[in-house]
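Per the working numbering, residue 208 is the first one in the sequence shown, and the count goes up by one each step. Glycine included, each C-beta is placed from N, C-alpha and C at the ideal position. In this text the structure is predicted, and so the values were computed from the model without any measurement. To keep things clear, I will list the structure first and then write my remarks on it.
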Amino acid sequence: MRSRWRHLIGFHLSLASLSLAASGCQKVLGIRDVTIDEGQGGAGGHPGQGGAPAEASSSGGGGAGSTSSGPVAEGFSFTILSPNVAVPLGGKNVIEIEIRREGGFDGEVTVEPRSAPAGLLVESATIPGGQTRGEVVVGAQAPLVLGAEISFTLEATSGDLEPRTGSVTDAIVTGRPGALDETFGAATTGVARASFGSDDGGGFFDLDVVGEQIVAAGSGAGGLGGSSFAIARLTSSGQLDPGFAEGTVMKARLGSSSGSSSRAVAVGHQLNGRIIAVGSHEESGVEDIALLRPGAAGGLGDPLFGASGKSLIDLGGLEQVSDGLVLANDRILVAGQRDGQLMVARATSSGDLDTTFAAPDGYETWALVEPSSARAIAVDSRGRIVVAGQAGADVEGDLVIARFLADGQPDTAFGTGGHRIIESPGSDEHAVAVALLPDGRIVVGGDSNAGGNVDFQLVRLLADGSLDPSFGTEGIATIPVTGGDDIAEDMVLLPDGRILVVGNTRGGATAGPVLARTTRDGAPDPHFGTDGVAPLYVGDNGSIHCVAVYPGHKVVIGGGDEGGSPGPGTYGVVARLWM
Numbered sequence: 208m209r210s211r212w213r214h215l216i217g218f219h220l221s222l223a224s225l226s227l228a229a230s231g232c233q234k235v236l237g238i239r240d241v242t243i244d245e246g247q248g249g250a251g252g253h254p255g256q257g258g259a260p261a262e263a264s265s266s267g268g269g270g271a272g273s274t275s276s277g278p279v280a281e282g283f284s285f286t287i288l289s290p291n292v293a294v295p296l297g298g299k300n301v302i303e304i305e306i307r308r309e310g311g312f313d314g315e316v317t318v319e320p321r322s323a324p325a326g327l328l329v330e331s332a333t334i335p336g337g338q339t340r341g342e343v344v345v346g347a348q349a350p351l352v353l354g355a356e357i358s359f360t361l362e363a364t365s366g367d368l369e370p371r372t373g374s375v376t377d378a379i380v381t382g383r384p385g386a387l388d389e390t391f392g393a394a395t396t397g398v399a400r401a402s403f404g405s406d407d408g409g410g411f412f413d414l415d416v417v418g419e420q421i422v423a424a425g426s427g428a429g430g431l432g433g434s435s436f437a438i439a440r441l442t443s444s445g446q447l448d449p450g451f452a453e454g455t456v457m458k459a460r461l462g463s464s465s466g467s468s469s470r471a472v473a474v475g476h477q478l479n480g481r482i483i484a485v486g487s488h489e490e491s492g493v494e495d496i497a498l499l500r501p502g503a504a505g506g507l508g509d510p511l512f513g514a515s516g517k518s519l520i521d522l523g524g525l526e527q528v529s530d531g532l533v534l535a536n537d538r539i540l541v542a543g544q545r546d547g548q549l550m551v552a553r554a555t556s557s558g559d560l561d562t563t564f565a566a567p568d569g570y571e572t573w574a575l576v577e578p579s580s581a582r583a584i585a586v587d588s589r590g591r592i593v594v595a596g597q598a599g600a601d602v603e604g605d606l607v608i609a610r611f612l613a614d615g616q617p618d619t620a621f622g623t624g625g626h627r628i629i630e631s632p633g634s635d636e637h638a639v640a641v642a643l644l645p646d647g648r649i650v651v652g653g654d655s656n657a658g659g660n661v662d663f664q665l666v667r668l669l670a671d672g673s674l675d676p677s678f679g680t681e682g683i684a685t686i687p688v689t690g691g692d693d694i695a696e697d698m699v700l701l702p703d704g705r706i707l708v709v710g711n712t713r714g715g716a717t718a719g720p721v722l723a724r725t726t727r728d729g730a731p732d733p734h735f736g737t738d739g740v741a742p743l744y745v746g747d748n749g750s751i752h753c754v755a756v757y758p759g760h761k762v763v764i765g766g767g768d769e770g771g772s773p774g775p776g777t778y779g780v781v782a783r784l785w786m
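Take a look at the structure:
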């Protein structure tokens, strides 16, 4: 939902959150959950790793469970941290491991496979003295096939100490990270294409994964300058769902004029499963918040939401919407800009302005540095609202991150009076997505031209708003994808804590859609693409705008193929990839 249409229409589209998932970025009720345990935390598991990992101890002859008194003998315990391990066919992944040193033990520990099935490729790992964490690299080849469930053992040894073992019992053979899932879309291409009819431009700008179905929302623009909301629902195989809009793309213009423009930037769903699309509507020089709730079968006319399923909210100025999300109580948060100032507003579950939020106005604006705009929004487990955006002129803007309490008031415990501006003199920086970790840390995805060309950029802040020195370089990680300008569109935290940024590159060696994956600490992931970067083809005139986690070690990516390839008109596209 991060289309660089924003350079044309003033939007910077963004990633949203519900903060209710039990594993990674799983969809629950709203736009997308980005409150993530860095690796699917679970009861009894190591923080950020999940599971309830089995642990074995080695302490000379004492063994695990010894209750003898006196000094603790030298030894170590061994834990496999990664749950639900993906073993890529023709690719590589890592299993994270940890040792706990006991009795002053500081030796080197080697971890090797045991009882490995045919076709399983495992590279042994060595944890040097003084360190506690390591990674075992795994992959698969024939005779293993996609979907095969495998089990094996890892053994940790060090000198004469008793070896310790751990079992991997839930591993599954998957596709190579970054490869298209050929069971999805038309003609096993991995890409689903939905016709926008005769529209000249547009695409999908946000995705909502509901079980194995995918709801895609965006906008289509006609030759006369008008545009409309475009919503489609796809089955798990990537076909248009015949039970929604009769198997077509639903189009809806929220105004009365054929020249008016309605643009959807975010999509989610309420407790009853009804779809909520969030965006803006412009008509006769006035721009307002626009909300749409289609009928269960994809038509208009819902009498319990706005006016026949459509709601236009006028805050008395020019409102440009960049993001939105559905809360657990079905209310709707909207982020963007009002008259040049950063804005957060809330609507009721029925689409009216919620005047109990930032009472009595129903919205909060913040004149940090004019102009300023919120371009991504998320909510943490305490109901606090985090927005990321830009402050200052669009040719030399700085990142701004602000946090609000659940009632809409600025959270003065964050940054300075509730906000933090990250200045980078002489450069232009954009935020396109924000995600939250359980400990309150914040990850912001976007791009920056601080190095001359525009490059993908990730920023991680601590819960108080200060930069996290353990991430990237003093809290900032820059990802040069090509030799040209790399325009970030969206970001998602994967269930294992790694980070995926998607966007489009202009110029350089390659032009078109591109993906970049990093480790949880912002370094390029050596097991993804080439040095952490992989291209993606979605059509001759294709571009990508949004990404969401999909079950089964996959992601879905939305965008558009403008002008058609093949055929006339524009297509909304959704690709499904192994991850």
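For the beta strand (DSSP E) that Gly761 lies in, which residues bound it at each end? First, the residue type needs correcting, since residue 761 is Lys and not Gly in the sequence shown. Where Lys761 is concerned, the enclosing beta strand (DSSP E) stretches over Lys761 to Asp768.
For a minimum of 4 consecutive residues, which ranges assigned as the alpha helix (DSSP H) are wholly contained in the segment 705-765? none
Proximity test, Cβ basis, 9 Å: Ser588 and chain C: Given the protein chain composition of this structure (a single chain), no chain C is represented.
Please give the ranges of any beta strand (DSSP E) in the segment 557-611, keeping only runs that are unbroken, at least 3 residues long and fully inside the region. 570-573, 579-586, 592-598 and 605-611
Could you compute how far the alpha carbon of Ala250 sits from the alpha carbon of Asp635? Only weak support exists for where Ala250 lies, its pLDDT of 32 falling under 50; the coordinates are left without a value.
Please identify the residue among Arg308, Gly346, Pro335 and Glu309 whose C-alpha is closest to the C-alpha of Ala325. Gly346
Taking the CB atoms as reference points, tell me whether Ile683 and Leu674 lie closer together than 9 Å. yes
Just the Cα atoms here: how many angstroms apart are Arg713 and Asp697? 16 Å
Quick check on Glu453: does DSSP put it in helix, strand or coil? helix
For Asp546, tell me which candidate among Leu707, Val493 and Leu498 has the shortest Cα-Cα distance. Val493
State yes or no: is the C-beta of Ala473 within less than 9 Å of the C-beta of Asp530? yes
Assign Ala620 to buried or exposed, taking buried as 16 or more other Cβ atoms, counted over all protein chains shown, within 10 Å of its Cβ. exposed
Using 8 Å for Cβ pairs, my map puts Leu612 next to Arg591. What's the rounded Cβ distance? 6 Å
Buried or exposed: where does Ala452 fall if 16 or more other Cβ atoms within 10 Å of its Cβ makes it buried? buried
Backbone CA spacing between Ala782 and Phe312 [nearest angstrom]: 49 Å
Quick one: what's got a C-beta closer than 6 Å to Gly759's C-beta in the same chain, skipping five residues either side? none
Residues that DSSP places opposite Asn300 in a beta bridge: Val345
Would you call the CB atoms of Leu665 and Val688 closer than 9 Å? no
If you draw a straight line from the C-alpha of Ile357 to the C-alpha of Arg383, how long is it? 17 Å
Just to confirm before moving on: does the CB-CB distance between Leu540 and Leu499 stay below 9 Å? no
Alpha carbon of Glu490 to alpha carbon of Asp768, nearest angstrom: 26 Å
For Ala640, is the classification buried or exposed, using 16 other Cβ atoms within 10 angstroms of its Cβ as the cut-off for buried? buried
How would you write the range of the beta strand (DSSP E) that Leu327 sits in, first residue to last? Leu327 to Glu330
Look at the Cβ atom of Ser444, then the Cβ atom of Ser434, and state whether they are nearer than 9 Å. no
Kindly list the residues whose CB is nearer than 8 Å to the CB of Glu309, restricted to its own chain and excluding five residues on each side of it in sequence; keep chain order. Ser264, Ser266, Val279, Ala280, Glu281, Gly282, Phe283 and Ser284
Are there three or more Cβ pairs, one per stretch, closer than 8 Å when the segment 548-562 is compared with the segment 504-519? yes
Beta-bridge partners of Val780, as assigned by DSSP: Arg400 and Gly766
If you check the beta carbons only, do Val343 and Val318 fall under 9 Å apart? yes
When the Cα of Arg307 is compared with those of Ser331, Gly336, Val329 and Gly508, which residue comes out closest? Gly336
Cβ contact (3+ pairs, closer than 8 Å) linking the segment 370-384 and the segment 287-302: yes
Identify which residue in Ala399, Gly615, Ile751 and Pro720 has its Cα closest to the Cα of Val740. Pro720
Going by the DSSP bridge assignment, what does Gln527 pair with across the sheet? Gln544
To the nearest angstrom, how far is the alpha carbon of Gly508 from that of Ala566? 30 Å
Which same chain residues, not among the five before or five after Gln544, have their C-beta less than 6 Å away from its C-beta? Gln527, Met550 and Ser580
Should Asp654 be labelled buried (16 or more other beta-carbon atoms within 10 Å of its own) or exposed? buried
Whole-angstrom distance between Thr563 and Ala718, CA atom to CA atom: 47 Å
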